[in-house]
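Undergrad: Mind having a look at this structure? Questions to follow.
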Amino acid sequence: MKEEKKKDKQVKVEPFENAEVVEEKVDKSAEYLDMAKRIQADFENFRRRSAEQLIKAKEDGKIMVIEVFLPCLDTFKLAKKSIKDESSLQGIEMIEQKILSALKTLGVEKIETVGSVYDPNLHEAITVMCNEDLENDIILEEFQAGYKFNDKVIRYAKVIVNKKEV
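Those letters in the sequence shown? Residues 2 to 167, per the numbering used here, in order.
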């Protein structure tokens, strides 16, 4: 019985007569593996681009909605000037603060103006005035409020800037 086991274990190895076919199959398998790796990389790039596009689309949508609300905030400023009743004025200011608070939670912040230095990246100078008591390029008055969304200006602040006469 031991002899039978030895005979079963013996494997006769014959030289492969068609080595070219084996080499061709190895080349094809390497080619397919390379193709699979490229397809996988392309898919990962597609997934990453899709995620980035989705984030950008959400931000663009938020900006569109915010831009619709900004004229409403301007109207509050005009309304506050015309209201004489103190309790009505307080009510209008409360509503304005609620809207500003809601916009802040979305990432919107008002651009600082009066008393700060003029910055063309944040402000639009609509005119200049002369005040000898203040330095050049100090904002004297805000004509229209400006706003930023995630450090991107969505509306420049329209301001009056100080220029000393030279």
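C-beta: ideal position from N, C-alpha, C; glycine also.
Within 8 Å, do at least three Cβ pairs link the region 80-89 to the region 54-62?
TA: With a cut-off of 8 Å, the region 80-89 and the region 54-62 do not count as touching, because too few Cβ pairs lie within range.
Undergrad: In chain order, what residues of the same chain lie with their CB nearer than 8 Å to the CB of Val-129, ignoring the 5 residues before and after it?
TA: Counting only Cβ-Cβ distances below 8 Å, and skipping sequence neighbours, we find Ile-161, Val-162, Asn-163 and Lys-164.
Undergrad: Evaluate Thr-114 with the Cβ neighbour count: other Cβ atoms within 10 Å of its Cβ, from every protein chain shown; 16 or more gives buried, anything less gives exposed.
TA: Buried is the call here.
Undergrad: Can you give me the start and stop residues for the beta strand (DSSP E) that Ala-103 sits inside?
TA: Segment 87-106 is the alpha helix (DSSP H) holding Ala-103; no beta strand (DSSP E) there.
Undergrad: Just to confirm the assignment, what range does the beta strand (DSSP E) spanning Ala-146 have?
TA: Premise fails: Ala-146 is in no beta strand (DSSP E) and is neither H nor E.
Undergrad: DSSP beta-bridge partners for Ala-158?
TA: Per DSSP, His-124.
Undergrad: Please confirm whether Lys-111 and Tyr-148 have their CB atoms less than 7 Å apart.
TA: Yes, these two residues count as a Cβ contact at 7 Å.
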